[in-house]
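This report refers to the structure that appears directly beneath it.
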Amino acid sequence: MAPKPKYQEVVKIITRRINAGDYCLKSLPGERRIADITGVSYMTARKAVNELLNTGVLERQDNGTLNIHPHYNRKLGKTHVVLLYPSYPSHHLNQCRTLISDNLADQDAAIRPMQYTHWDDPIILEALDNAHGVILIANTEPITQNVLNELNSNNHKVVIFDSDFTQHNIPSIQMFPEQHLLMLFDKIAKKWGSNIDLLNTQGHDVEIQRRLRIWQQWASSQGINTQIWDDPSPAFTDSRERSYKFMKRITQEKLSSANAFICTTQDVAVGAIRACHDIKINIGKDLAIAAFNIGSDSRYFYPSITGLDFPDIHNQLLTCLKWFSSSEKDWNQPLLLASDIPQLFLCESTGH
Numbered sequence: 018m019a020p021k022p023k024y025q026e027v028v029k030i031i032t033r034r035i036n037a038g039d040y041c042l043k044s045l046p047g048e049r050r051i052a053d054i055t056g057v058s059y060m061t062a063r064k065a066v067n068e069l070l071n072t073g074v075l076e077r078q079d080n081g082t083l084n085i086h087p088h089y090n091r092k093l094g095k096t097h098v099v100l101l102y103p104s105y106p107s108h109h110l111n112q113c114r115t116l117i118s119d120n121l122a123d124q125d126a127a128i129r130p131m132q133y134t135h136w137d138d139p140i141i142l143e144a145l146d147n148a149h150g151v152i153l154i155a156n157t158e159p160i161t162q163n164v165l166n167e168l169n170s171n172n173h174k175v176v177i178f179d180s181d182f183t184q185h186n187i188p189s190i191q192m193f194p195e196q197h198l199l200m201l202f203d204k205i206a207k208k209w210g211s212n213i214d215l216l217n218t219q220g221h222d223v224e225i226q227r228r229l230r231i232w233q234q235w236a237s238s239q240g241i242n243t244q245i246w247d248d249p250s251p252a253f254t255d256s257r258e259r260s261y262k263f264m265k266r267i268t269q270e271k272l273s274s275a276n277a278f279i280c281t282t283q284d285v286a287v288g289a290i291r292a293c294h295d296i297k298i299n300i301g302k303d304l305a306i307a308a309f310n311i312g313s314d315s316r317y318f319y320p321s322i323t324g325l326d327f328p329d330i331h332n333q334l335l336t337c338l339k340w341f342s343s344s345e346k347d348w349n350q351p352l353l354l355a356s357d358i359p360q361l362f363l364c365e366s367t368g369h
């Protein structure tokens with residue numbers, strides 16, 4: 018059987034990229050660039066482009082540039098969604114990306130995860146201007162007024178993920194509502210008593226500030242003897258190393274008399290547990306450590322970590338997708354979409 022002509026492989030590559038939404042935010046390359054990125058000659062690339070033009074996948078503008086043919090876009094019928102998330106190492110962010118992609122995988126949507134490095138990163142405006150909708154995970158820097166104005170524009174459809182921006186009139190998905198966090202607090206207090214401290218090295222974004230506030234209010238109302246150990250990491254840095262050093266100092270210098278620590282994130286808990294292990298503190302027996310939120314992998318750590326796992330937010334994401342794919346400019350659902358059922362896991366790190 019004779020091998021397929023090379024140009025057909027190029028046609029396949031370009032078509033696959035179009036179907037996946039790869040050209041949602043950027044223009045299609047010309048023939049010379051296609052030749053470079055696919056490793057074929059210019060003539061082969063040109064033959065592939067002609068094939069795509071003849072079959073109605075592409076169209077050529079008067080200035081010679083290539084565009085996806087409007088008829089082909091309508092035929093695809095896909096809603097192009099960009100997931101914007103901060104560009105720094107975070108297990109939580111990776112799990113958020115996977116959760117969103119998996120929940121929308123069986124829908125007529127092309128999900129494009131993209132990272133940004135600061136609030137004025139041009140990629141944010143490019144996503145807002147070109148995608149049908151944007152799911153945005155906020156970073157820990159104070160958001161600029163210019164970006165808030167863009168997010169609030171009637172020309173843009175944006176949903177904030179894992180933070181509450183409803184005070185800015187922006188739809189938001191909240192994975193860990195207050196009542197779920199209080200359930201975790203109650204379980205720790207029931208087993209370890211009223212001497213519980215809170216540890217945070219995560220940067221102070223809207224969600225972390227909310228968690229600190231909820232903890233303070235609950236501890237005060239329940240008569241909990243608590244200290245808040247708060248040493249936020251700079252934006253776009255890893256909170257685990259900072260947590261490790263902070264917890265090591267707290268324990269070695271005997272700065273805390275707590276029986277248990279609740280950490281604001283899994284990464285903070287991981288750093289704290291390692292610090293205790295290195296100075297021979299038996300986690301789950303000598304001291305309990307839990308996290309506000311954990312990932313599915315936390316059950317395979319040693320010790321496994323107590324906390325709230327990612328909830329089922331399939332319906333909330335479908336609500337967002339329905340809005341993105343509609344002609345309606347205004348959001349007509351409750352501004353805050355919260356998960357319904359908590360996924361609380363009691364594990365070895367708290368002696369369960």
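In the working numbering, the protein residues as written are 18 to 369. The C-beta atom is built at its ideal place from N, Cα and C for all residues, glycine as well. The model shown is predicted, which means the values in this text are computed figures rather than measured ones.
Have a look at the options and flag the residue whose alpha-carbon is nearest the alpha-carbon of residue i.
i      : options                        : result
GLU376 : ASN186, THR32, GLY301          : As displayed, the chain neither begins before 18 nor continues past 369, which places residue 376 out of reach and without an answer.
SER344 : GLY150, GLU26, SER104, ASP137  : GLY150
ASN299 : THR281, TYR319, CYS280         : TYR319
TRP246 : ARG259, LEU215, HIS97, ARG230  : LEU215
TYR89  : ILE190, LEU334, ARG33, ASP181  : ARG33
CYS337 : ASN349, HIS294, ASP326         : ASN349
ARG129 : LEU153, LEU353, THR243         : LEU153
ILE160 : LYS207, ALA252, ASP248, LEU201 : ALA252
ILE225 : THR157, ASN169, SER366, PRO87  : THR157
ASN36  : ILE85, ASP79, THR72            : ILE85
ARG259 : VAL285, CYS113, LEU199         : VAL285
LEU45  : VAL57, GLY56, ILE31            : ILE31
GLY56  : GLY38, CYS41, LYS23, ALA126    : LYS23
VAL27  : ARG114, ALA52, GLY301, SER256  : ALA52
ASN217 : HIS294, SER237, GLY288         : GLY288
ILE190 : SER238, ILE177, ARG114         : ILE177
Rounded to whole angstroms, what's the CA-CA distance from residue i to residue j? Just pull it up for me.
i      : j      : result
LYS29  : LYS64  : 13 Å
ALA275 : PRO188 : 38 Å
ASN147 : GLN124 : 20 Å
ASN172 : PRO139 : 17 Å
GLN132 : ALA155 : 11 Å
PHE182 : VAL223 : 8 Å
LEU361 : ILE54  : 47 Å
LEU352 : PRO194 : 14 Å
ASP137 : GLU365 : 43 Å
PHE341 : GLN333 : 13 Å
THR72  : LEU116 : 36 Å
ASP303 : GLN269 : 14 Å
ALA127 : SER118 : 9 Å
Excluding five sequence neighbours on each side, which residues of the same chain lie with their C-beta closer than 7 Å to the C-beta of residue i?
i      : result
HIS331 : ASN120
ARG77  : LEU70, LEU83
MET192 : ASP179, PHE327, PRO328, ILE330, SER356
ILE267 : TRP246, SER273
ILE141 : LEU101, TYR133, VAL164
ASN242 : SER211, ASN212
THR254 : TYR105
THR235 : Per the sequence shown, residue 235 should be read as Trp rather than Thr. Hits under 7 Å: LEU199, PHE202.
If I follow the unbroken alpha helix (DSSP H) through residue i, where does it start and stop?
i      : result
VAL27  : 23 to 36
VAL164 : 162 to 168
HIS197 : 195 to 209
THR157 : Premise fails: THR157 is in no alpha helix (DSSP H) and is neither H nor E.
THR336 : 331 to 342
Could you give the first and the last residue of the continuous beta strand (DSSP E) run that contains residue i?
i      : result
LEU145 : Unbroken run through LEU145 is the alpha helix (DSSP H), 139 to 147; no beta strand (DSSP E).
MET131 : 126 to 133
ASN310 : 305 to 310
LEU325 : 323 to 325
If you drop the 5 nearest sequence neighbours on each side, which residues of the same chain put their C-beta closer than 8 Å to that of residue i?
i      : result
GLY17  : Look at the range of the chain in this structure, 18 to 369, and you will see that residue 17 is not part of it.
GLN283 : HIS108, HIS109, ALA308, ASN310, ILE311, GLY312, SER315, ILE322, GLY324
ARG49  : TYR59, ALA62
ILE205 : ILE213, ALA277, ILE279, ALA305, ALA307, THR323, THR367
GLY47  : GLY81, THR82, LEU83
CYS41  : HIS97, VAL99, ALA127, ARG129, ASN147, ALA148
Quick one: residues in its chain with C-beta nearer than 6 Å to the C-beta of residue i, no 5 flanking neighbours on either side, listed in chain order?
i      : result
TRP209 : ASN276, ALA277, ALA305
ALA292 : TYR261, MET264, LYS265
ILE290 : ILE300, ILE306
GLU68  : VAL28
Got a sec: is the Cβ-Cβ distance from residue i to anything in chain D below 7 Å?
i     : result
THR55 : Absent from the structure: chain D. Only one protein chain is present.
To test your reading of the DSSP string, which unbroken alpha helix (DSSP H) runs of 4 or more residues are found completely within the segment 218 to 290?
223 to 239, 256 to 269
In the segment 56 to 112, which residue ranges form an unbroken beta strand (DSSP E) of at least 3 residues, counting only runs that do not cross its ends?
75 to 77, 83 to 85, 96 to 103
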